[in-house]
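These notes are about the structure you will find just below.
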Amino acid sequence: MLSVSVDSVFVHKMWNDHELSKMVDGGIPFHMVSDAAGNVGKTYGVYNESLGIELRGRFIIDPDGIIQAMEVLTPPVGRRLAETIRQIKAFQLVRATQGKEATPAGWEPGQLTLTPGPGLVGRVWEVWQPSQER
Amino acid sequence: MAKESSCAKPTGMVLGEASPQNGSTHPETNLTETEVMMIARVGEKAPDFQAPSYHQGDFTEVKLSDYFGKWILLCFYPGDFTFV
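Going line by line, the protein sequences match chains A and B.
Going by numbering that gives the first Met the number 0, the residue at position 26 of the first sequence is 25; the numbering climbs one at a time, nothing skipped.
Going by numbering that gives the first Met the number 0, the residue at position 38 of the second sequence is 37; the numbering climbs one at a time, nothing skipped.
Written out as structure tokens, the structure is:
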């Protein structure tokens with residue numbers, strides 16, 4: 000886990016010490032990256048030139064360094080961590096099965112997965128219904 | 000059209016002068032300015048970077064590719080102390 004903003008490392012320390020450590024025992028465990036010039040944010044397409052800030056961009060990167068998912072929100076709406084964890088678990092399952100299995104909409108760990116192939120064409124309805132998405 | 004030639008941009012360029020948009024390379028990533036604008040794509044290799052970081056009481060540096068081999072969650076946010 001890495002977090003990135005345009006704030007300096009000194010401000011990161013102040014935020015951690017004076018606020019975040021009151022929300023998370025022991026303070027923030029991961030590296031808080033300082034991207035003062037917005038170079039990383041520009042590379043990832045989340046730097047807003049006119050505001051001089053970075054949007055809420057979230058990237059899931061697999062062990063091969065491939066970006067498997069991205070989400071970008073404007074500042075006023077916060078993310079939902081549970082959804083990110085769900086997606087990571089789904090991508091981990093796909094990777095563990097070397098792509099043989101796929102996860103249907105709303106999939107949660109333990110639920111049925113799909114095995115794409117000629118036999119499943121037109122027959123997904125037999126094993127999965129929208130009502131299964133919670 | 001007054002040209003302010005006395006003020007310098009943070010990059011060292013003089014205000015009003017054209018920036019070396021194309022052809023110049025980015026100091027950290029060695030990419031041209033145009034490529035720097037947006038090269039992250041789902042399904043493609045994550046662009047590497049190295050940047051200063053704060054970690055558990057220390058000021059240090061972090062390099063994305065040092066974490067290749069593990070699952071990485073990379074999160075950007077608007078700013079420290081900004082409520083959400």
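Where is the CB? At the ideal position from N, CA and C, for every residue including glycine.
- For A:L1, the chain B residues whose C-beta falls within less than 9 Å of its own C-beta are S52, V61, L63, Y66, I71, L72, L73 and C74, listed in chain order.
- The CB of A:A81 never comes closer than 9 Å to any CB in chain B; the least such distance is about 13 Å.
- From the beta-carbon of A:E100, no residue of chain B is found nearer than 8 Å; the closest lies around 18 Å away.
- Chain order gives the chain B residues near A:P62 as F67, G68, K69 and W70, where near means a beta carbon separation below 8 Å.
- Secondary structure note for A:E125: its alpha helix (DSSP H) is the uninterrupted segment V123 to V126.
- At a cut-off of 8 Å, the C-beta of A:L113 has no neighbouring C-beta in chain B.
- The three-state reading of DSSP puts B:P51 in strand, counting E and B together.
- In this structure, DSSP gives A:M13 a helical state, which the three-state scheme calls helix.
- Secondary structure at A:L54: coil, using DSSP grouped into helix, strand and coil.
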